[in-house]
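Structure, as structure tokens:
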Amino acid sequence: MPAEGAHERIMAEAERIAALGEASESVAPFPVNQPTISTWLDAMGYDNERFRRGEAPPSMAQVWTMPGLGRRRPDDDPLSRMMEVLTAEGYTAVLGTNCEQTYERYLRVGEQLRVTTALDTVAGPKRTAMGEGYFVTSRNTWYVDHEDGTREKVATMLFRVLKFVPGGDR
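Counting in full-length UniProt numbering, the sequence shown runs from 1 upward without gaps.
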């Protein structure tokens, strides 16, 4: 059961983290490349000649910057920080709820992506069938840097999770 004053502490920390804006930035460890695109197409059971000739499906944006095994998110990652705050207050379980992606254009082989992460919203406490919790939404934005020094936004994602106290723990 969350301690008295938990809501005030949670919302104060959410406000502080959100005020940082795009606080976290990561660069993809590898540029967009054909072997990874082909492997992804095979795994998804999808084929399109366009994606066998130098373009990546836009829905792969997240693939290029996911931490993967052995790597960690940056220490300043807003979503991770908010999850730590909620865990410390007794909200120990996580349930993914939804993801909304927007694609500006197709990615091209050779492009190096970077992603920024910001805390978008924290709403709660909400009573759900899973237990009482907070809905936490982060916003990721993927960019490609060009040789002329400009930065182009290529995709965005709102990612929402429910961080909650399991029903049996109340």
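Using N, Cα and C, we set each Cβ at its ideal position, and we do this for glycine too. The structure displayed is predicted, hence computed values, not measured ones.
Worksheet entry | Reference F164, options L158, R127, E15 and D120, closest by Cα | R127
Proximity to G54 [Cα-Cα], best of E111, L162, D148 and L86: E111
According to DSSP, simplified to helix, strand and coil, what is T97?
strand
Task: Pick from T97, P57 and T121 that is closest to A19, judged by C-alpha positions - done: T121
Q) Where D169 and A93 are concerned, what is the direct C-alpha to C-alpha distance, given to the nearest angstrom? A) The pLDDT assigned to D169 is 49, lower than 50, so where the model puts this residue is not dependable, and the model offers no usable value.
Given a cut-off of 8 angstroms, decide if A23 and L107 are closer than it, judged by their beta-carbon atoms.
no
For this session: With DSSP collapsed to three states, give me the class of D169.
Result: The predicted position of D169 is uncertain, since its pLDDT is 49 and thus under 50; no value can be drawn from it.
Query raised in the report: For R53, which three-state DSSP category applies?
Result: coil
**Asked** Under three-state DSSP, which class holds E8?
**Response** helix
Thinking C-alpha only, which one of Y91, D148 and P58 is nearest Q101? P58
Check: Out of P74, W64 and E89, which has the shortest C-alpha to C-alpha gap to Q34?
Finding: W64
Quick one: is T69 buried, meaning 16 or more other Cβ sit within 10 Å of its Cβ, or exposed? It is worth fixing the name first, because residue 69 is Leu in this sequence and not Thr. Exposed, by the Cβ-count rule.
Can you confirm whether the region 79-86 touches the region 136-147 when touching is taken to mean that 3 or more C-beta pairs between the two stretches lie within less than 8 angstroms? yes
- [ ] Rounded to whole angstroms, what's the CA-CA distance from C99 to A155? Just pull it up for me.
- [x] 13 angstroms
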